[in-house]
Amino acid sequence: MNEKITYTQAFEELQSIVEEIESGQISVDELSEKVKRATFLIKLCKTKLTTTEEDVKQILKELEDGEE
Amino acid sequence: MSEVINDKKVFSLLEVTLSIKKTISERYQRSFWVKAEMNKLNHYSYSGHCYPELVEKVDGKVVAQMKTILWKEDFLRINSNFLNTLKEPLKDGINILFNATVNFDPVHGLSLRIVEIDPVFSLGELEREKMETIEKLKKGGVFHLNRALSMPLLPQRIALISVETSKGYADFLKVISSNSWGYRFFCFLFPALLQGDRSVDSILYQLRRIRRIKHHFDIVAIVRGGGGDVGLSSYNHYLLAKEICEFPIPVFTGIGHSTNETVAEMVAFKNAITPTELADFLIQAFHNFSVPIHQMEETLVSATSGIVADEQAKLLSAARYFKSVTNQLLIHNRHELKSYSRSASQHLAYYFQQKKLLIADCLNRFRRGSNSLQKSRLMELSTIEKSINLMDPINVIKRGYTITLKDGKAISSLADVNPGDQTTTITVDGIIVSKVVNTKRNDPT
Numbered sequence: 002m003n004e005k006i007t008y009t010q011a012f013e014e015l016q017s018i019v020e021e022i023e024s025g026q027i028s029v030d031e032l033s034e035k036v037k038r039a040t041f042l043i044k045l046c047k048t049k050l051t052t053t054e055e056d057v058k059q060i061l062k063e064l065e066d067g068e069e
Numbered sequence: 004m005s006e007v008i009n010d011k012k013v014f015s016l017l018e019v020t021l022s023i024k025k026t027i028s029e030r031y032q033r034s035f036w037v038k039a040e041m042n043k044l045n046h047y048s049y050s051g052h053c054y055p056e057l058v059e060k061v062d063g064k065v066v067a068q069m070k071t072i073l074w075k076e077d078f079l080r081i082n083s084n085f086l087n088t089l090k091e092p093l094k095d096g097i098n099i100l101f102n103a104t105v106n107f108d109p110v111h112g113l114s115l116r117i118v119e120i121d122p123v124f125s126l127g128e129l130e131r132e133k134m135e136t137i138e139k140l141k142k143g144g145v146f147h148l149n150r151a152l153s154m155p156l157l158p159q160r161i162a163l164i165s166v167e168t169s170k171g172y173a174d175f176l177k178v179i180s181s182n183s184w185g186y187r188f189f190c191f192l193f194p195a196l197l198q199g200d201r202s203v204d205s206i207l208y209q210l211r212r213i214r215r216i217k218h219h220f221d222i223v224a225i226v227r228g229g230g231g232d233v234g235l236s237s238y239n240h241y242l243l244a245k246e247i248c249e250f251p252i253p254v255f256t257g258i259g260h261s262t263n264e265t266v267a268e269m270v271a272f273k274n275a276i277t278p279t280e281l282a283d284f285l286i287q288a289f290h291n292f293s294v295p296i297h298q299m300e301e302t303l304v305s306a307t308s309g310i311v312a313d314e315q316a317k318l319l320s321a322a323r324y325f326k327s328v329t330n331q332l333l334i335h336n337r338h339e340l341k342s343y344s345r346s347a348s349q350h351l352a353y354y355f356q357q358k359k360l361l362i363a364d365c366l367n368r369f370r371r372g373s374n375s376l377q378k379s380r381l382m383e384l385s386t387i388e389k390s391i392n393l394m395d396p397i398n399v400i401k402r403g404y405t406i407t408l409k410d411g412k413a414i415s416s417l418a419d420v421n422p423g424d425q426t427t428t429i430t431v432d433g434i435i436v437s438k439v440v441n442t443k444r445n446d447p448t
């Protein structure tokens, strides 16, 4: 799963899935898919907390481009 | 000491200047208090003396200006008073109330010598400037802009405006990089002067650079510390405060001082007293993100297993119900079947009994019937036998008749024979073989 998703989106989607499951308004057929998705989102959020992807070189390049 | 040249009374330049000096020193014997705007301090670090440029403006136009001298000793004393009272050194562009004497020097001309500057007056002036900045920001509708931005869910990428060698910068980095939860931040330093007059331009320059590449950052943090409380009035500067207000991403401040909150701090998205406190706040934001995720994880596990358990219970109860219902149905049907079979066999036995009786009765009747029939038939038969016996040709022959045959067939008509044919005639006691000589038809009459 390589989709680009911000942690805000991940967080909100996770919240809605958990609410849905918690409210019990979900069929057993859907449950497996939803749990799978929620697990993925939890992992994603946890990863976001402990890693950063910013590229210093790219930032420097953009700064220089703007100052020329 | 004047001399007369060509009937004219002539003074030397020195005589004139000394006369002016005398007049002025007699007229202005005592010092007095003056209010003016100090455009430039003009401090010469080599001599230590200052030659402030004092002006008075009306509607932005200079209406009075005078050369001023502030000797080194006076400057040092006054500056130290300022630092104590205003937390600011003497600097350009402030209104001051000063005690001065008027001096005239034959070489340097007229000047005011400053002997004292009232720091309390300037403090009021600074406060007034600060209020003006606030007023202008509010009037321009920008005062609350940065505060109105929404807090990023994870303030992870930080554009840091600080000084690499400052204690505040080190404190900040230490707290956010060595947190025990493993949270990772990305800090990019934009070095700037953080106090004194030049800090306004320096910080503005970096803010404008950050603005251009703002998509790389979640927040801006202005971090200062260990620099004492001096030279912070630049944070009340209108342009700096306005830039912070209008900045497109949240600006956090951790300027680290004990004086009143500056305008920059007031308008910033969030003001922490110290860099360390700011770092703690950011880590707390990570907690605020992390803790609900943990909770959601737990909720997910418990809710899901709840649903599964519920479904299992439902299934189990359905299975039990099904079993019990089918059992009952089986028992019921078995009973019914047994009772049907019993009743069927009773019915059958009765039915067979009835039929047996009926058959026996039929048999009897048949027997009886057939006996009488047989007798009557036997009688009929003997009558017929008698008739038949009577009709037997033998019996006819016995009564004297004969039968003549040709080729085994009885001759009953003339047509059956022709003269010359051989015939056989049966009699009662044998046969006669003859030859037809002639035939004669009976007369029709």
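Residue numbers (the working numbering), protein chains in the order written: chain A, 2 to 69; chain B, 4 to 448. In this text, a Cβ means the ideal position worked out from N, Cα and C, and glycines have one as well.
Taking a Cβ-Cβ threshold of 9 Å, none of the residues of chain B is close to Phe41(A); the smallest such distance is about 12 Å. Judged by DSSP secondary structure, Lys62(A) falls outside any beta strand (DSSP E) and instead within the alpha helix (DSSP H) spanning Val57 to Glu68. Taking 7 Å as the cut-off between beta carbons, the residues of the segment 218 to 247 of chain B near chain A are His219, in sequence order. When C-alpha distances from Val118(B) are compared across Leu126(B), Leu86(B) and Trp36(B), the shortest belongs to Trp36(B). Met41(B): member of the beta strand (DSSP E) spanning Phe35 to Lys43, first to last residue.
At a C-beta separation below 8 Å, Met299(B) has these neighbours in chain A: Leu15, Gln16, Val19, Ala39 and Ile43. Inside the segment 25 to 90 of chain B, DSSP marks whole beta strand (DSSP E) runs of 3 or more residues at positions 35 to 43, 56 to 61 and 64 to 72, from first to last along the chain.
The CB of Lys58(A) never comes closer than 9 Å to any CB in chain B; the least such distance is about 12 Å. Residue Asn98(B) holds the alpha-carbon nearest to the alpha-carbon of Lys60(B) among Leu89(B), Val431(B), Asn98(B) and Thr262(B). Taking a Cβ-Cβ cut-off of 8 Å, the neighbours of Glu23(A) in chain B comprise Thr302 and Ala306, given in sequence order. Linking Asn82(B) to Glu132(B) through their CA atoms gives a straight-line distance of about 20 Å.
Here Lys35(A) is near Ile27(A), since their CB atoms are less than 8 Å apart. In this structure, DSSP gives Thr442(B) a state outside helix and strand, which the three-state scheme calls coil.
Secondary structure note for Ile216(B): it is in no alpha helix (DSSP H), with a DSSP letter that is neither H nor E.
The alpha-carbon of Val110(B) is positioned some 40 Å away from that of Val203(B). Around the beta carbon of Pro158(B), a 10 Å sphere encloses 16 or more other beta carbons of the protein chains shown; the residue is thus reported as buried. Ranked by Cα distance from Thr442(B), the options Asp419(B), Arg345(B) and Phe369(B) are led by Asp419(B). Ile296(B) belongs to the set of residues whose beta carbon lies under 8 Å from a beta carbon in chain A. Its Cα nearest to that of Gly96(B), the residue Arg201(B) stands out among Tyr353(B), Lys438(B) and Arg201(B). When secondary structure is reduced to three states using DSSP, Gln10(A) falls in the helix class.
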